[in-house]
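Colleague: First, the structure itself, so that you have it in front of you.
In UniProt numbering, the protein residues as written are 1 to 413.
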C-alpha cells in the first residue's frame, strides 16, 4: 500500500510539472492570488498586525495578504536562506531598520524606486526620519511600517509632589531627575529606572553629541562622551536615586515607588493596567531640553528578490496594500507603536493615544533619531553585558569602553 501510494504521488508530481511547463507558467514567491508577508512579531502584538491584515482583506482587494509570523531567530534564519537562493521568499518582509542595510548588501532586496513612482508612497506622506531609514545608497529599499521608541513614563502625582512644573514643557532633563531624587529619597522613592541599558546609553550618548563613527567611517565609542554618559548613570546610582540592579523598576513604578521610568512604547499595555494614579508618556530623559534626541526603531516593508518573476498585477497589489495602510493602522498601533504615515494624524482615536505625542508636533517629529550604523548591535550587546559593572563601580568606565571597542572591532573584521 505504501509503495502504491508513493508511485501515485510521484506520478502526480510529474504530471503537475509537465502541465506547468506546457503552459509556460511559473509560480511566484507565494500564491499567485495573494501577497505573502513575513513578520517576526508574535504574541499579542502579532495578533494586532493580523487584525489589520484581516481588515484589509475584507476590502476585497485583487490580491489578499497572507501574514506568516514567526520567532525572531526563525525569521532571520528562514529569510536569509530564502533570500540568498531566491526561492520560497515572501513578497514582503517586515525588517528592522538597523537590519535593512545588511540584507541589501547581501543582494537580497529589490528596490522600490520604480514601483512607487507616481504613487502615494512618497516621503512627504511619512515621518521623514522613518522614510529616510529605508534609503540605502540613494535608493528606496524599505517602506516604513510602524515605529517603536524608547520614551519615558511618569507618575504625574509624584512629579507634582517632588518636581512641580518639570513637565510643563513636555521635557524632563537629567538635572530635573536629580532634583526629584534628592527630594524623594527620604520617602523611599526612586526618581530613575534603568531597565534596558543600551537604550538609555544610546539616547544619552547622542544627546551629549556623540557620534557612532569617526571621519573615516569606523565605529568609535571609546571616547569621553561615552565615559560621561555612564558617569551620569553612576552619579544617579551612587546618590540612591536610581533603582538598583536586580530590583524590578516596572513593579516599583506600578507601586508608586518610582517617579520616572524610561521604557519602550511597547510597554503601553502594562501601563494601561494601572489605575491607582495618573501616569503619562513623554520624551526619553534629555541632557539638554533645547536639543531633544528621541531614539526610535522603524520596521520597514522590504521586497525580497525572487528567482520567479512577480507579475505587474501582484506588484500593483503590493502598492495598494501599503497605500491602504497609511490611514488604517489603528489596530496595529494599539500595541504602543506609532504609525509612520502622517495620514494617521487624522484618526481621532490614535491622536488620543499616549504615544501620539511624538507625531503630533514638529518638535516631536524633529527629535526622532533612528540608528542604522552597521556594527551597533555589537556595541549594544557588549554594553548591556557590562553596564551595571561600570555603574556600580565594579569595573572602571574608561577601561571597559576600551575593551568594548576592541571586541566590536574584532567582530566587524
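Each residue gets a CB set at the ideal place from its N, CA and C atoms; glycine is no exception.
(1) Would you mind stating whether residue 354 and residue 256 have Cβ atoms separated by less than 8 angstroms?
(2) Measuring straight from C-alpha to C-alpha, what distance separates residue 225 and residue 211?
(3) May I ask which residues mark the beginning and end of the beta strand (DSSP E) holding residue 296?
(4) On the premise that residue 347 lies in contact with residue 330, defined as a C-beta separation below 8 angstroms, what is that separation, rounded to the nearest angstrom?
(5) Any idea if residue 263 is buried or exposed, counting beta-carbon neighbours within 10 angstroms, 16 or more meaning buried?
(6) Using the Cα positions of residue 155 and residue 230, report the straight-line distance between them to the nearest angstrom.
(7) Tell me whether the beta-carbon of residue 41 lies closer than 8 angstroms to the beta-carbon of residue 35.
(8) Figure out for me which residue from 364, 373, 319, 182 has the closest Cα to the Cα of residue 62.
(9) Pop quiz: residue 149 and residue 340 are said to be a contact at Cβ under 8 angstroms. What is the actual Cβ separation, rounded to whole angstroms?
(10) The beta strand (DSSP E) spanning residue 216 covers which residue range?
(11) Starting from the Cα of residue 391, find the closest Cα among 135, 232, 65, 344 and give me that residue.
(12) Indicate the three-state DSSP secondary structure (helix, strand or coil) for residue 130 in the structure shown.
(13) Do residue 100 and residue 72 have their C-beta atoms within less than 8 angstroms of each other?
(14) Does DSSP put residue 233 in a helix, a strand or coil?
(15) Are there 16 or more other CB atoms within 10 angstroms of the CB of residue 176, so buried, or fewer, so exposed?
(16) By how many angstroms is the C-alpha of residue 102 removed from the C-alpha of residue 374?
(17) May I have a chain-ordered list of the beta strand (DSSP E) segments no shorter than 3 residues that lie completely inside the segment 33 to 98?
(18) Put residue 376 into one of helix, strand or coil per three-state DSSP.
(19) Do residue 359 and residue 171 have their C-beta atoms within less than 8 angstroms of each other?
(20) What residue range does the beta strand (DSSP E) around residue 260 cover?
(21) How is residue 154 classed by DSSP in three states: helix, strand or coil?
(22) For the 8 angstroms Cβ check, are there 3 or more pairs between the segment 122 to 139 and the segment 364 to 378?
(23) So, for residue 81: in the same chain, excluding its five sequence neighbours on each side, which residues have a beta-carbon less than 6 angstroms away from its beta-carbon?
(24) Closer than 8 angstroms is the cut-off here; do at least three beta carbon pairs connect the segment 159 to 174 with the segment 212 to 221?
(25) Write down the C-beta distance between residue 379 and residue 219 rounded to the nearest angstrom, noting that I regard them as a contact closer than 8 angstroms.
(26) Quick check on this structure: which residue in 395, 186, 298, 160 has the alpha carbon closest to the alpha carbon of residue 278?
(27) State the DSSP-derived secondary structure class of residue 190, mapped to helix, strand or coil.
(28) Below 8 angstroms between beta carbons: does that hold for residue 336 and residue 97?
(29) Applying the 10 Å Cβ sphere with the 16-neighbour rule, what's the burial state of residue 393?
(30) Can you check which of these residues, 328, 79, 411, is closest to residue 57 by C-alpha distance?
(31) Sorted by chain position, which residues of the same chain lie with C-beta nearer than 6 angstroms to residue 198's C-beta, five sequence neighbours on each side aside?
(32) Excluding five sequence neighbours on each side, which residues of the same chain lie with their C-beta closer than 8 angstroms to the C-beta of residue 116?
(33) Can you tell me whether DSSP reads residue 198 as helix, strand or coil?
Modeller: In short:
(1) no
(2) Between residue 225 and residue 211, the alpha-carbon positions lie close to 9 angstroms from each other.
(3) 294 to 304 is the span of the beta strand (DSSP E), which, as asked, contains residue 296.
(4) Residue 330 to residue 347, Cβ: 6 angstroms. Contact.
(5) So residue 263 counts as buried.
(6) So the alpha carbons of these two residues sit roughly 25 angstroms apart.
(7) no
(8) 319
(9) Wrong, their Cβ atoms sit about 11 angstroms apart, outside the cutoff.
(10) Residue 216 -> no beta strand (DSSP E), and no H or E assigned at all.
(11) 232
(12) helix
(13) no
(14) helix
(15) buried
(16) 8 angstroms
(17) Taking only runs of at least 3 residues, the beta strand (DSSP E) segments lying wholly in the segment 33 to 98 are 34 to 39, 64 to 69, 92 to 96.
(18) helix
(19) no
(20) 260 to 264
(21) strand
(22) Short answer: they touch.
(23) none
(24) Using a Cβ-Cβ distance cut-off of 8 angstroms, the segment 159 to 174 and the segment 212 to 221 are not in contact, since fewer than three pairs of beta carbons, one from each stretch, lie closer than that value.
(25) 7 angstroms
(26) 160
(27) strand
(28) Not closer than 8 angstroms, so no.
(29) exposed
(30) 328
(31) 380, 383, 384
(32) 122, 140, 143, 319
(33) helix
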